[in-house]
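Student: Respectively, the protein sequence lines represent chains V and U.
For the first sequence, numbering that gives the first Met the number 0 assigns the number 0 to the initial residue and increments by one for each residue that follows.
For the second sequence, numbering that gives the first Met the number 0 assigns the number 0 to the initial residue and increments by one for each residue that follows.
Just so it is clear, CB atoms sit at the ideal spot from N, CA and C, and this is done for glycine as well.
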Amino acid sequence: MKRTLALGLLAAAALAAAPAAPQAGKSEVAKMSLKVGDTAPDFTLLSDQWKTVKLSDYRGKKNVFLAVYVLAFTGG
Amino acid sequence: MDSPAANAAFAKQASLTFPLLSDMNKKMLKSYGILKGYDVHDDTFEWALRANIVIDKQGIIQFVEEGDSAVDPNTALTMCTTMHKKDAAK
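1. Please report whether the beta-carbon of lysine 34(V) lies at a distance below 8 Å from any beta-carbon of chain U.
2. Going by the beta-carbon positions, is the gap between methionine 31(V) and alanine 87(U) smaller than 8 Å?
3. Assuming phenylalanine 42(V) is part of the alpha helix (DSSP H), what are its boundary residues?
4. In whole angstroms, what separates the C-alpha of lysine 25(U) from that of leucine 19(U)?
5. Use the C-beta contact count for tryptophan 49(V): other C-beta atoms within 10 angstroms, 16 or more gives buried, fewer gives exposed.
6. Got a sec: which bits of the region 1-14 of chain U sit with their beta carbon under 7 Å from any beta carbon on chain V, in order along the chain?
7. Quick check: is the beta carbon of aspartate 37(V) nearer than 8 Å to any beta carbon in chain U?
8. Using a Cβ-Cβ distance under 8 Å, would serine 21(U) count as near chain V?
9. In this structure, does DSSP put aspartate 1(U) in helix, strand or coil?
10. Kindly list the residues whose CB is nearer than 6 Å to the CB of glutamine 22(V), restricted to its own chain and excluding five residues on each side of it in sequence; keep chain order.
11. 8 Å is my cut-off, CB to CB: does serine 68(U) come that close to chain V?
12. Report buried or exposed for serine 68(U), applying the criterion of at least 16 other Cβ atoms within 10 angstroms of its Cβ.
13. Any heavy atom of the ligand SAM within a distance shorter than 7 Å of the CB on alanine 88(U)?
14. Distance, Cα to Cα, tyrosine 57(V) vs aspartate 41(U)?
15. Just to confirm, are valine 35(V) and valine 70(U) a CB contact at a threshold of 8 Å?
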């Protein structure tokens, strides 16, 4: 994975207070709207080093592995 | 969503070598269709699906995995290795 940038997106804090077993809602079965072959929407986010990370900065340079990881228990 | 400070502490604790990003305003999660609403009693809560997404150098999505299967990153990592080998062969 030398040339692949791995980005972790952690969303634990807001989720820790969420009910463990929510009742099934109509939107619960919704799927991610993007699929293979689509152009990845650009984004600008703050890293853990307080640096701005932009997806388009890696265009033509690196493949990107984006992991959206909720309930990661970062303690945040 | 976790703050950069919380992510920094976690990255240090787990000795991570890749950036951890915070989507505090949920903008990216919404644009990727990852943020979902869940109806609980009379209220709706929003949180993200787990997802692994591999994007190539041209900005095209090459792999998507979501939900329970996205807990294991190995399939996505294999995809990264394959792409890397293809790049190296060019």
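Tutor: Walking through what the data contain:
1. Look at lysine 34(V): its C-beta is under 8 Å from a C-beta on chain U.
2. No, the Cβ-Cβ distance between methionine 31(V) and alanine 87(U) is not below 8 Å.
3. Annotation for phenylalanine 42(V): no alpha helix (DSSP H) segment contains it, and DSSP assigns it neither H nor E.
4. In this structure, the CA atom of lysine 25(U) is about 15 Å from the CA atom of leucine 19(U).
5. By the C-beta density criterion, tryptophan 49(V) is exposed, having fewer than 16 other C-beta atoms within 10 angstroms.
6. Legend: CB atoms of the region 1-14 of chain U lying less than 7 Å from CB atoms of chain V belong to residues Asp1, Ser2, Pro3, Ala5, Asn6, Ala7, Ala8, Phe9, Ala10.
7. It does: the Cβ of aspartate 37(V) has a partner Cβ on chain U nearer than 8 Å.
8. Serine 21(U) counts as touching chain V.
9. Residue state, collapsed to three classes: coil.
10. Below a pLDDT of 50, predicted positions are generally treated as unreliable, and glutamine 22(V), at 43, falls in that range; the measurement from the model is reported next regardless. The answer is none, since no qualifying residue turns up.
11. Not one chain V Cβ lies under 8 Å of serine 68(U).
12. It counts as exposed.
13. With respect to the ligand SAM, the structure shown offers nothing to examine, as it has no ligands at all.
14. Tyrosine 57(V) and aspartate 41(U): Cα-Cα distance of roughly 43 Å.
15. No; because the gap between Cβ atoms is not below 8 Å, this pair is not in contact.
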